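Residue numbers (numbering that gives the first Met the number 0): 0 to 266. Glycine residues also receive a C-beta, built at the ideal position from the N, C-alpha and C atoms. Please read all numbers here as calculations on a predicted model, not as lab measurements. As structure tokens, the structure follows; a few thoughts come after it.
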Amino acid sequence: MATRRCIQSLTSRCYSIRLNNPNPYLHPIWNTLASRFTQIEFRLIQTLTSATPLDFSNFRAPFSVYSRNFCSNNRINSDDDDDDDENEAEGSEDDERVASVQGKSDEEKTQEANEIGYKVIGPLQESDRVFKPYEPVFAVVQIGSHQFKVSNGDSIFTEKLKYCDVNDKLILNKVLMLGSKSQTMIGRPLLPDASVHAVVEEHALDAKVIIFKKKRRKNYRRTKGHRQELTKLRITDIQGIEKPEMTTPLKTEKKTAKKTGKVAVAA
């Protein structure tokens, strides 16, 4: 309240000086204001006392550059600075990542995709018949740092695969294990002749995850959200193992149970 009254009295005084004097900047009150207030506050007072924007090209006041801290231990501002630095670092990392992806050649992209565990064959054509009926075979594949147990027709969500688009055909070449009803093959660590075929169905975002940070007794609380980018794959075929023939089970005739009637005994 005291600050508000002070500003109101100063603005009224400066406004009266501006109306009565042809050159109000030569009045001693302006030097007093320039020595007592910062440049931002002084400009605020000048703006409040004028109906039109003022020209500061001919006026030079001896402003002192200093920062005003109302607390001896200014920890909140330091935390804000740390958060700003973290956000700037994350933004710079994203820019570097985008620039690195755009500047890579096809060979480098293919090599990086092989390290992740997949290979892009090409787009899915209308004449392709990649979707097959279910087969009793399973495989354990590794994509990036995650492992999945898949069968023919399954759909899985992985972290976003960089160099593939929707309806692209992929080969997952990091196969750790193959199995069926009759045999099991375990790699050391990979099976060289095994492969799993898949089709990219969509690129999506996972549900939002809330990241909350707090430092007690420091007035520090930060809340952020994150949505992981995902790629949905549909498994179409598993190769590298003998597939058993599908046999249709015979229907067994159910035996009709004879109903035993209850005989009422007359008392």
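Spatial distance of residue i from residue j (CA atoms)
{"i": "V198", "j": "V136", "result": "18 Å"}
{"i": "I209", "j": "Q227", "result": "12 Å"}
{"i": "H145", "j": "K214", "result": "33 Å"}
{"i": "P243", "j": "C163", "result": "33 Å"}
{"i": "G152", "j": "V140", "result": "15 Å"}
{"i": "N172", "j": "E114", "result": "10 Å"}
{"i": "R74", "j": "G178", "result": "Here the model assigns R74 a pLDDT of 49, short of 50, so the residue's position is not dependable, and the following value carries that caveat. Near 59 Å, if we compare the C-alpha coordinates of G178 and R74."}
{"i": "F62", "j": "S8", "result": "No answer about F62 holds up, because its pLDDT of 42 lies below 50 and its placement is not dependable."}
{"i": "Y219", "j": "K207", "result": "22 Å"}
{"i": "R4", "j": "R216", "result": "34 Å"}
{"i": "N166", "j": "E158", "result": "17 Å"}
{"i": "L123", "j": "D236", "result": "14 Å"}
{"i": "S150", "j": "R221", "result": "43 Å"}
{"i": "P191", "j": "G116", "result": "13 Å"}
{"i": "K180", "j": "Y133", "result": "14 Å"}
{"i": "L160", "j": "A193", "result": "21 Å"}
{"i": "G143", "j": "S104", "result": "21 Å"}
{"i": "E106", "j": "Q182", "result": "37 Å"}
{"i": "A50", "j": "G102", "result": "The predicted model places A50 with a pLDDT of 48, which falls under 50 and marks its position as unreliable; any figure quoted below should be read in that light. Distance between the alpha carbons of A50 and G102: 54 Å."}
{"i": "T109", "j": "K168", "result": "14 Å"}
{"i": "S66", "j": "A112", "result": "Low confidence applies to S66: its pLDDT is 48, below 50, so where it sits in the model is not reliable, and the reading given next is rough at best. Cα to Cα, S66 sits roughly 52 Å from A112."}
{"i": "G121", "j": "L232", "result": "15 Å"}
{"i": "E241", "j": "M184", "result": "11 Å"}
{"i": "V174", "j": "F147", "result": "10 Å"}
Residue span of the alpha helix (DSSP H) that contains residue i, given as start and end
{"i": "K108", "result": "105-115"}
Residue i - containing beta strand (DSSP E), residue span
{"i": "L204", "result": "194-204"}
Residue from the options with nearest C-alpha to residue i
{"i": "P188", "options": "M176, S194, S181, H196", "result": "M176"}
{"i": "H196", "options": "V119, T183, K159", "result": "V119"}
{"i": "F156", "options": "Q238, G239, I234, K103", "result": "I234"}
{"i": "G224", "options": "E106, Q182, K212", "result": "K212"}
{"i": "G239", "options": "I170, L229, L232", "result": "I170"}
{"i": "G186", "options": "D105, T109, G143, A138", "result": "A138"}
{"i": "L229", "options": "S154, M184, E241, Q182", "result": "S154"}
Residue i CB to nearest heavy atom of the ligand GTP below 6 Å
{"i": "K168", "result": "No copy of the ligand GTP occurs in the structure displayed, which carries no ligand at all."}
Open item on the list: When you compare the stretch 126-133 with the stretch 202-213, are there three or more beta-carbon pairs, one atom per stretch, that lie closer than 8 Å?
Closed with: no
Task: Within the stretch 110-187, ranges of the beta strand (DSSP E) (whole runs, at least 3 residues) - done: 117-122, 136-142, 145-150, 154-158, 167-171, 174-179, 183-185
Open item on the list: Please give me, in chain order, every unbroken run of the beta strand (DSSP E) with length at least 3 that falls completely inside the stretch 213-239.
Closed with: 219-225, 228-238
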